[in-house]
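Input: a single structure, listed below in structure tokens.
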Amino acid sequence: MNSSGAPEPAAGSSQQPDIVLIGCVKTKRSARSTARDLYDSPLWRYRRAYAECLGVPWYILSALHGLLDPDRRIDAYDLALTDLRHEARRAWSARVLAELKRRVPSIRNKQIEVHAGAAYVNHGLEEGLHDAGAAVHRPLARITGVGRQLTWYRERLDANGKAGHHHSPRRSHAGRIAKLIADDFYGGGLDLASRGMAPDQPWLEMPEVKSVNRLTASGADLETGQGSTLLQSVGSVKHVRSLGGTQRAARLFLTFIAAMDRARDATQLWNAGVHLYENHPESFDPRHVAGLEVGALGRVLKAARVSRRHGPDSNAWHRIARNLSSGLDSPVSRVIDAGAGDAGELLRDLKSCDDGGRARFPLLRGPKIGPMWIRMMANPGRARINRIEVIPVAVDVQVRKATENLGVTATRRLPLRQAKPVIQQAWKDAVSEAGITGPTGIEGTCAALDPALWYFGKHGCGHCRKAGEQVNFGRACDFCVRFR
Numbered sequence: 000m001n002s003s004g005a006p007e008p009a010a011g012s013s014q015q016p017d018i019v020l021i022g023c024v025k026t027k028r029s030a031r032s033t034a035r036d037l038y039d040s041p042l043w044r045y046r047r048a049y050a051e052c053l054g055v056p057w058y059i060l061s062a063l064h065g066l067l068d069p070d071r072r073i074d075a076y077d078l079a080l081t082d083l084r085h086e087a088r089r090a091w092s093a094r095v096l097a098e099l100k101r102r103v104p105s106i107r108n109k110q111i112e113v114h115a116g117a118a119y120v121n122h123g124l125e126e127g128l129h130d131a132g133a134a135v136h137r138p139l140a141r142i143t144g145v146g147r148q149l150t151w152y153r154e155r156l157d158a159n160g161k162a163g164h165h166h167s168p169r170r171s172h173a174g175r176i177a178k179l180i181a182d183d184f185y186g187g188g189l190d191l192a193s194r195g196m197a198p199d200q201p202w203l204e205m206p207e208v209k210s211v212n213r214l215t216a217s218g219a220d221l222e223t224g225q226g227s228t229l230l231q232s233v234g235s236v237k238h239v240r241s242l243g244g245t246q247r248a249a250r251l252f253l254t255f256i257a258a259m260d261r262a263r264d265a266t267q268l269w270n271a272g273v274h275l276y277e278n279h280p281e282s283f284d285p286r287h288v289a290g291l292e293v294g295a296l297g298r299v300l301k302a303a304r305v306s307r308r309h310g311p312d313s314n315a316w317h318r319i320a321r322n323l324s325s326g327l328d329s330p331v332s333r334v335i336d337a338g339a340g341d342a343g344e345l346l347r348d349l350k351s352c353d354d355g356g357r358a359r360f361p362l363l364r365g366p367k368i369g370p371m372w373i374r375m376m377a378n379p380g381r382a383r384i385n386r387i388e389v390i391p392v393a394v395d396v397q398v399r400k401a402t403e404n405l406g407v408t409a410t411r412r413l414p415l416r417q418a419k420p421v422i423q424q425a426w427k428d429a430v431s432e433a434g435i436t437g438p439t440g441i442e443g444t445c446a447a448l449d450p451a452l453w454y455f456g457k458h459g460c461g462h463c464r465k466a467g468e469q470v471n472f473g474r475a476c477d478f479c480v481r482f483r
């Protein structure tokens, strides 16, 4: 107690927590609803308001479900943790701890604030958190009586519902979804077994990432120095020489194959690209390609099954090569050659035309392929891209499907042309507040969300659509409105 008789928080509780855990309550609504809305009591409402207004991830400690995401839809149940025996409580604690570690890749040095009774923490949970390197604070551990606890919460909430010593806004619906999708995609949290897929890291299985890693691992990118300008066609990948070194060769490979990536099975295309690089690496040398007749190039691309519309594809490949080998110091050529660029300048350069009014980089300039290519230059291409945050999500059928199914936008009745800017703005706003994870060079941006969202739409929503029922793929599935 302080001199006025008001309760004081426990030592250290004034520090901004990274995660908040709040205990469930006995009183519940009868209808199925989200967990945040299922529980119903004055104490619960104050706990929830406090947790939401901190602007950090928070979870519910449920006697039945273990660790609950606030937006997971559940039915009412009648089980209290005090109903369980000592051994069952220890098993429950281990379950909660394991689930928290799965959702938070590393809880070491995390500040975790717990708002729950002793039954929730005294059977291994608090001890396990300490052992994992987290700092645990229980602000109300010594404040008994519901009335005094309500007073504690009231004193920390201002009239606008904000915590007195924290003023971060509550994360929006789209912000929560963006973070869940990115964390599950990059953190190994997706249930790949439900799709008959082998457990793996989805980012490393993205066709363009896997292809670049395959070439690197096989020795196809042997450094030969910046002076190398002509690849030699050989049958063995071990003897393939790279253009200007590993990273430049990778960026050339990514550039030409990305230009072919439209209305295609991505895995088949990028595998075909790898085989083309192994057997005809000179096809990725701009100077060599610029000196070829388009017909000769077209026969190579057709035989490798890299092209689909053989005439337009070979013409685009040839024009891109001519512009890259022209000697013009443009943002696109600079990012490929020197591995540095600005996202805004690259978007403009992709759409540029020559003196004759012809596109300089055909098939790379579209609203989907352009942003995707810039993301590829950053990772796996390892270029340093300034202002990568201006790159929007590349909206295709998979991204649109996931966006609408998760209730982020209501664009089902709109033509794709009108839906695209709405979807892109929704995810831009979400990413700006969510603090999402991602690979080096694109972390915390729509460029990082883009592959995660595409993967979720293809393997998550696509699977459920074919099955005709919801088969959970990740935590974001709890927000699905299609099967609600």
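The sequence shown stops at residue 483 when you use numbering that gives the first Met the number 0, and every number in between is there. Ideal placement from N, C-alpha and C gives every residue a C-beta, glycine not left out. Please read all numbers here as calculations on a predicted model, not as lab measurements.
Anyone know if the C-beta pair for residue i and residue j falls short of 7 Å?
i: L323; j: S313; result: no
i: L96; j: I111; result: no
i: A342; j: I390; result: yes
i: I73; j: C23; result: no
i: H309; j: G297; result: yes
i: G174; j: A433; result: yes
i: L156; j: Q148; result: no
i: A484; j: F455; result: Look at the range of the chain in this structure, 0 to 483, and you will see that residue 484 is not part of it.
i: S92; j: H122; result: yes
i: D183; j: R474; result: yes
i: D70; j: F478; result: yes
i: V305; j: S210; result: no
i: V135; j: E126; result: no
i: A258; j: L179; result: no
i: A181; j: T436; result: yes
Bridge partners of residue i, per DSSP?
i: T33; result: R72
i: A358; result: C352
i: K27; result: Y38
i: V135; result: I111
i: A339; result: R383
i: L530; result: The chain is shown from 0 up to 483; residue 530 falls before or after that span and cannot be answered.
i: L67; result: I59
Could you give the DSSP three-state label for residue i: helix, strand or coil?
i: S61; result: strand
i: V145; result: helix
i: I384; result: strand
i: V19; result: strand
i: S227; result: No answer about S227 holds up, because its pLDDT of 28 lies below 50 and its placement is not dependable.
i: L124; result: helix
i: G461; result: helix
i: T150; result: helix
i: E292; result: coil
i: L203; result: helix
i: R263; result: coil
i: L327; result: coil
i: Q469; result: coil
i: D312; result: helix
i: D284; result: coil
i: C479; result: coil
When you compare only the Cα positions, how much space is there between residue i and residue j?
i: L20; j: W57; result: 6 Å
i: Q246; j: E277; result: 16 Å
i: W485; j: F472; result: Because the chain here runs from 0 to 483, residue 485 falls outside it and cannot be looked at.
i: K237; j: Y185; result: The predicted model places K237 with a pLDDT of 37, which falls under 50 and marks its position as unreliable, so this point remains unresolved.
i: K161; j: W151; result: Residue placement at K161 is poorly supported in this model, since its pLDDT is 42, which falls under 50; the coordinates still yield a value, given next. Each residue's Cα considered, the two are about 14 Å apart.
i: D328; j: G187; result: 41 Å
i: A87; j: L78; result: 13 Å
i: K109; j: G132; result: 8 Å
i: T445; j: A177; result: In the sequence as displayed, the identity of residue 445 is Cys instead of Thr. Rounded to the nearest angstrom, the two C-alpha atoms are 9 Å apart.
i: S351; j: R359; result: 6 Å
i: L53; j: P361; result: 48 Å
i: D260; j: Y38; result: 48 Å
i: F252; j: A262; result: 19 Å
i: E344; j: L448; result: 21 Å
i: A265; j: P206; result: 6 Å
i: G218; j: Q267; result: Annotation note: pLDDT 42 at G218 (below 50); position unreliable, no value reported.
i: L66; j: E98; result: 7 Å
i: F255; j: R35; result: 49 Å
i: W269; j: P280; result: 14 Å
i: C476; j: A30; result: 20 Å
i: R194; j: L291; result: 45 Å
i: V145; j: V392; result: 47 Å
i: P285; j: R386; result: 27 Å
i: A339; j: A192; result: 39 Å
With a cut-off of 8 Å, do at least 3 Cβ pairs link the stretch 453–470 to the stretch 408–425? no
Are at least three pairs of beta-carbons, each pair with one atom in the stretch 439–448 and one in the stretch 376–387, less than 8 Å apart? yes
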